[in-house]
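Single-structure report; data block below.
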Amino acid sequence: MKSSEIPPGCTNLLDALRSNNSQCIEFFRRKCFGSIQAFILKNSGNETDAEDVYQDAIMILYEKSKTDFQLEEGGQPCAYLLKVAINKWIRVAKKRAQAGKNKQKWVVTIQRLETLYDEALDRAVREEELRKLLERKFEMLGERTKKALRLFSEGISMKEIAEVMGYENGDVAKKEVWRFRKQLKKMIQSDPDYKDL
Amino acid sequence: MQSEDTALEQIDRYLNGEMTPEEMENFRQELSRDHELASLFREERLLRDVIQDDRRRALKRQLHAGQPGRKISWFRSKPLMSAAAVLLIGTVITVVFWYLPQTPEQLYRTFIKQEKPVSFTKMSDQNDSLKVIENLLNSDEYQQAIPLMEMRIGDSLFNSTNNRLRFQLGIAYLHTGAEEQAVLQFDVLIQNDALEKGQALLYKALIKLKQKDIEACRSLLNQTITVSEKIQDTETLRKARALLKELPPA
């Protein structure tokens, strides 16, 4: 298939994300990534930044795809992704300005982008950052801890968790699960990125 | 806000659908009034979502795989590697220190031969397919092991067994000459900050060594050292340092 050819049944990125159609997701990447990359490169970023921002924008749209969210009438996914990317980039620029290195460059970038700020998209960007932080911290836990928390998050009863995990009874399971949750919460809250979210 | 434990109990009941309609309505009202409770609720909901969402993980893997020449960021940390892996690599290190070969090819061959025995299962584990894969790998039947490992990994949850399988799949690809495929597997582990990240970097360095790209190998070994220091993977750290010392000059 030529890179410009539309894969069969691939008309809507939201549907592609809903059905996990990898061919279609890749097609939209070819279609949409260029404009995001050009924007990032023009605004003090590099290729890796562009990749990261594109990925975040897709993940935000993926989360939207779980709801009944629809793009505005006639709205193109590339345009939406670019808007998300811009708001993500404003966040990145602010963080980099705070970090102090090349501060002036980032301050100028923020000023240039200020008019493109969108509060709703900023909220979505922050939520995605929180998701990433939670994921990262969860993956740092031990395997048994992760298993117990997975069972718990699936709504499995403490009695069943005790059986699966080999705990004495449901009360012990509950104690353990709460201990794991506290441990995870502590890890999340002690991360320097947390207070920004 | 009430105590955090009480609030969490309430949130659990809500998210598990254990509240009566009246309780639910009261809880929603409380959420709209209590900013702290709302923030705790948001985190708990997101956390459950993140833990359960295998599709999200699969999508992230796909997006990572589609990123050519992606640079790696080194800001995450992981706990220690498993004792078995440490022991195994310790043995490798001893042997490598003692008999370190002189040429890149010899060096590569020495390292690539040492990853035995492979073990994914405990004595009590009844998981047949993993046992079969273990046996195949331990008897150098890589061609047969590869499709079984691919099938087993599939799109399923990104967990520690899958990571270990993926790492071994990368090594199996190396043994069958499929270096590009091997690199893909190692990249997934690196980009997902798996426990095997340091080892995956080390193997990428070995591939560069085999290709006689000494500078790329050196750079990857330096990255291995940085990562291994961060995650306290002492054995991989020692191995990477040993290799770095033995690399021919640029």
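Residue numbers (the numbering used here), protein chains in the order written: chain U, 29 to 225; chain E, 8 to 257.
From the three backbone atoms N, C-alpha and C, an ideal C-beta is built for every residue, glycine too.
Per-residue burial, residue i [other beta carbons within 10 Å of its own, 16 or more giving buried]
{"i": "D96 (chain U)", "result": "exposed"}
{"i": "V34 (chain U)", "result": "Looking at the sequence shown, residue 34 (chain U) is not Val but Ile. So I34 (chain U) counts as exposed."}
{"i": "P220 (chain U)", "result": "exposed"}
{"i": "T183 (chain E)", "result": "exposed"}
{"i": "L1 (chain E)", "result": "Chain E is shown from 8 up to 257; residue 1 (chain E) falls before or after that span and cannot be answered."}
{"i": "M158 (chain E)", "result": "exposed"}
{"i": "K167 (chain U)", "result": "Position check: residue 167 (chain U) holds Glu in this sequence, whereas Lys was assumed. Flag for E167 (chain U) reads buried."}
{"i": "N199 (chain E)", "result": "buried"}
{"i": "T27 (chain E)", "result": "exposed"}
{"i": "K246 (chain E)", "result": "buried"}
Expected contact under 8 Å - CB spacing of residue i and residue j to nearest Å
{"i": "T44 (chain E)", "j": "A65 (chain E)", "result": "Residue identity differs from the one stated: residue 44 (chain E) is Leu in this sequence, not Thr. Incorrect: roughly 33 Å between the Cβ atoms, too far for contact."}
{"i": "A113 (chain U)", "j": "Y82 (chain U)", "result": "7 Å"}
{"i": "L162 (chain U)", "j": "L54 (chain E)", "result": "5 Å"}
{"i": "A44 (chain U)", "j": "I64 (chain U)", "result": "Between I64 (chain U) and A44 (chain U) the Cβ distance is about 17 Å, and since that is not below 8 Å, they are no contact."}
Spatially closest choice to residue i from the options, by CA coordinates
{"i": "M87 (chain U)", "options": "U:S72, U:N71, U:P105", "result": "U:P105"}
{"i": "Y108 (chain U)", "options": "U:P36, U:L42, U:S185", "result": "U:L42"}
{"i": "Q132 (chain U)", "options": "U:C52, U:I189, U:N71, U:E196", "result": "U:N71"}
{"i": "E171 (chain U)", "options": "E:M31, E:L228, E:T168", "result": "E:T168"}
{"i": "R68 (chain E)", "options": "U:T143, U:F61, U:V136, U:N48", "result": "U:N48"}
{"i": "Y115 (chain E)", "options": "E:L181, E:D56, E:R63, E:V57", "result": "E:L181"}
{"i": "T231 (chain E)", "options": "E:G205, E:E253, E:Q239", "result": "E:G205"}
{"i": "R57 (chain U)", "options": "E:E11, E:Q59, E:L70", "result": "E:L70"}
{"i": "G24 (chain E)", "options": "U:G183, U:G37, U:C52", "result": "U:G183"}
{"i": "S50 (chain U)", "options": "E:A72, E:N33, E:S146", "result": "E:A72"}
Beta-carbon proximity list for residue i, same chain, < 7 Å, skipping 5 on both sides
{"i": "N170 (chain E)", "result": "L196, A201, L202, E203"}
{"i": "F104 (chain E)", "result": "A caution first: F104 (chain E) carries a pLDDT of 48, below 50, which makes its placement in the model unreliable, though a value can still be read off. For F104 (chain E), where only same-chain residues beyond five positions count, the Cβ hits under 7 Å are A249."}
{"i": "C149 (chain U)", "result": "In the sequence under discussion, the amino acid at residue 149 (chain U) is Leu, which differs from the Cys named in the question. K111, V112, N115, listed in sequence order."}
{"i": "E236 (chain E)", "result": "L244"}
{"i": "S136 (chain E)", "result": "L155, R159"}
{"i": "F48 (chain E)", "result": "I18, L38"}
Residues of its chain near residue i, where Cβ-Cβ distance is below 6 Å and the 5 sequence neighbours each way are ignored
{"i": "P111 (chain E)", "result": "L216, K219"}
{"i": "F193 (chain E)", "result": "G177, A207, Y210, K211"}
{"i": "R46 (chain U)", "result": "S93"}
{"i": "C60 (chain U)", "result": "C106, L109"}
{"i": "L225 (chain U)", "result": "R154, E157, L158"}
{"i": "A223 (chain E)", "result": "K215"}
{"i": "T179 (chain E)", "result": "According to the sequence provided, residue 179 (chain E) is Ala. The question's Thr does not apply to it. The residues are Y149, A152, I153."}
{"i": "G194 (chain U)", "result": "none"}
{"i": "R164 (chain U)", "result": "none"}
Own chain residues within Cβ distance below 8 Å of residue i, not counting five before or after
{"i": "N197 (chain U)", "result": "K187, A190"}
{"i": "V153 (chain U)", "result": "D84, I88, V112, N115, K116, R119"}
{"i": "W206 (chain U)", "result": "none"}
{"i": "Q268 (chain E)", "result": "Because chain E spans 8 through 257 in this model, residue 268 (chain E) falls outside it and cannot be assessed."}
{"i": "E91 (chain U)", "result": "A152, E155, E156, R159"}
Report yes or no: do three or more beta-carbon pairs, one from the stretch 155-163 of chain U and one from the stretch 188-205 of chain U, lie closer than 8 Å? no
Specify whether the stretch 183-192 of chain E and the stretch 200-219 of chain E touch according to this definition: at least 3 beta carbon pairs, one from each stretch, less than 8 Å apart. yes
Determine contact between the stretch 129-149 of chain U and the stretch 164-179 of chain U, defined as no fewer than three beta-carbon pairs at a distance below 8 Å. no
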